[in-house]
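Note sheet for the following structure.
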Amino acid sequence: MVSNGGGGGGGGVQAAMKADDEVGSGLQLTCFSQLSDHHDDVSLHFHILRLHKQIYAWIGCNSAKFGHLYAAAPTPPSNTVGVTSLIGGASDNIGSGIARRLVLKTGLNVVLACNIPKNSPILEANAEKILVQKLISLGYTKPKI
Amino acid sequence: MEVSDPVFPLRNTMLSLNIKERKTDIVISSYEDHFLVIATQIGSMGTILHARKEEGVSVDPTFSVSVVFGKRDEPMLVACARQLIEHISNSGSSKALVLSLGLRDHSTETLKGIVSAVIEKFAENIHIKLVEYDITRAAITTGANTPDVLTEKHLHFQLIEQSRKKTSKSQKGVLYPLKDCSLGVETNIIEYIKLQHGNAN
């Protein structure tokens, strides 16, 4: 299933066309854009691909540059999450924290690409919040116990 | 299936095919500076490779391909990435490639099937395609969104209906992405138009 849907929330939503066709079993692609809640001149773009056992997500800040790529996965039996940078970045950069928290919320392996600039904690937190809300609405997150 | 949206800055293509009787899902996404190709038979991204063209002085391009996640001892995966980045480069694009292969087997037949399916999709979906090399018309809109058509003789391309807004405040104007044109040429054409227009505001 492929869906392009506008996200909710203040700051204006870029509505996109909806496609409800089945394209391959188990793959769900969602793309949407939204203005940042705190910066009216910043557009955040989100690209989410749900695979059977994994989630790939990209967060774009104003541009369509790929940015840095991170991978994160749960490390059973403990509750911790392992995270590493794959392309660009380092393990303590912006996207790595988001990737780690996505694993905690979804329980799945996460591969995240992100081009949010450094030293933008408010923007980073806003982008993560929008992304998590979308994942919840798509049903990708673990139910809270 | 092409997933496109006039506002969203990425172009996505999804397809599903059978390779050696195994269902293979392929997703191709076109970023500003990268192509992302995901081919999976196992429900996850599998091994992730990064390939790019090296800047060099020699006429023949060289490429750097590395495994950034997953199996590092499978030369066929590296060869697959190498073929795709060479195709991207030969078509005029300087974008790098992030290739993700989650496959049940790494046989030549499987990887050839993936390479040919991806190359065919690249061509079909105008990610990379050179139609003609004779310009007859280009258009650039300036701040007031009024088209200002100019005619040049050197390259020919078609304008597509969607626009991509420049976000930099110092560069007002809307540039029309180009259809059926090599992506490397697209960048050059845009720069050429801006040069011809001077500093259009």
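Protein chains in written order, with my numbering: chain W, 136 to 280; chain G, 4 to 204. Note that CB positions come from ideal geometry on N, CA and C, so glycine has one too. Treat the numbers as computed from the prediction; the structure is a model and nothing was measured.
- Non-local beta-carbon contacts of L204/W in its own chain, meaning distances under 6 Å to residues more than five positions away in sequence, involve L221, I222 and A248 in chain order.
- Here the alpha carbons of Q189/W and T276/W stand approximately 12 Å from one another.
- In this structure, S103/G lies away from I31/G, with their beta-carbon atoms at least 9 Å apart.
- For G230/W, the enclosing alpha helix (DSSP H) starts and ends at I229 to T241.
- With respect to chain G, the C-beta atom of H203/W has no partner C-beta closer than 9 Å.
- Taking E24/G as reference, the option from E123/G, L106/G, I122/G and V118/G with the minimal CA-CA separation is L106/G.
- At a cut-off of 9 Å between beta carbons, Q169/W makes no contact with chain G.
- Taking one beta carbon from each stretch, the stretch 206–222 of chain W and the stretch 254–273 of chain W have fewer than 3 pairs nearer than 8 Å; the two do not touch.
- Take S92/G, set aside five residues on each side of it, and the residues of its chain with a beta-carbon closer than 6 Å to its own are K56 and P64, in chain order.
- Annotated as distal: Q163/W and F181/W, with beta-carbon spacing of 9 Å or more.
- Looking only at K124/G, R14/G, F72/G and T50/G, the smallest Cα-Cα distance to K200/W is reached by R14/G.
- The C-beta of L80/G comes no closer than 9 Å to any C-beta of chain W.
- Straight-line measurement puts the Cα of G46/G at about 15 Å from the Cα of I22/G.
- Against chain W, the CB of I41/G has a partner CB under 9 Å away; the residue lies at that interface.
- For R185/W, the enclosing beta strand (DSSP E) begins and ends at S178 to R185.
- Residues of chain W whose Cβ lies closer than 8 Å to the Cβ of E77/G do not exist; the shortest such Cβ separation is about 17 Å.
- Here V71/G has I51, L52 and H53 as same chain residues with Cβ atoms under 7 Å from its own Cβ, once five neighbours each way along the sequence are excluded.
- For S69/G, the enclosing beta strand (DSSP E) has its first and last residue at T65 to F72.
- Listed in chain order, the positions of the stretch 180–194 of chain W with a beta carbon within less than 7 Å of a beta carbon of chain G are H180, H182, L184, L186, H187, K188, Q189 and Y191.
- Counting along the chain, Q44/G sits inside no alpha helix (DSSP H), nor does DSSP assign it H or E at all.
- Taking the C-beta atoms as reference points, L270/W is found nearer than 9 Å to I183/W.
- The residues K26, T27, D28 and I29, in chain order, have a CB closer than 8 Å to that of S19/G in the same chain once the five nearest residues on each side in sequence are set aside.
- Per DSSP, reduced to three states, the secondary structure at T215/W is coil, with no helix or strand assignment.
- For the stretch 102–129 of chain G, the set of positions with a beta-carbon nearer than 9 Å to some beta-carbon of chain W reads S103 and G105 in chain order.
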